[in-house]
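Contents: one structure, followed by commentary.
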Amino acid sequence: GCTTKISPDSDQQPRVCPRCHNGSVFGAKSRQWFEFCFVPLVPMSSKHVWMCSICQWQVPIQQGYVQPTSVHASLAPMY
Numbered sequence: 354g355c356t357t358k359i360s361p362d363s364d365q366q367p368r369v370c371p372r373c374h375n376g377s378v379f380g381a382k383s384r385q386w387f388e389f390c391f392v393p394l395v396p397m398s399s400k401h402v403w404m405c406s407i408c409q410w411q412v413p414i415q416q417g418y419v420q421p422t423s424v425h426a427s428l429a430p431m432y
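Counting the sequence shown from 1 gives a position; our numbering is that position plus 353.
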């Protein structure tokens, strides 16, 4: 069978999730693996995604897509 494993990219600032509005979105690499007897053998495909660790929202990182807002930017006072 095939399974997907997600691993966080390097240290990044957390971002605000557009679905649950928590500061828990991070950049990650999503890889789909071919498994035999529950042992991952061959990576089938990979892509970079934005993922929320709370509600599991995710979207591929692609050119032209607006990044989720940084937590620090969303905490700035509005005048």
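Where is the CB? At the ideal position from N, CA and C, for every residue including glycine.
Secondary structure at Q385: strand, using DSSP grouped into helix, strand and coil. When secondary structure is reduced to three states using DSSP, S360 falls in the strand class. Exclusion of the five residues before and after K400 leaves S383 and P413 as the residues of its chain whose Cβ lies within less than 7 Å of its Cβ. Under DSSP, Q411 shares a beta bridge with M404. For the pair T356 and W386, the CB atoms are nearer than the 8 Å cut-off.
In the displayed model, G376 falls within coil according to three-state DSSP, outside both helix and strand.
In this model, V395 and E388 are separated by some 7 Å (Cα to Cα). Within a 10 Å sphere around the beta-carbon of R368 sit 16 or more other beta-carbons, which makes this residue buried.
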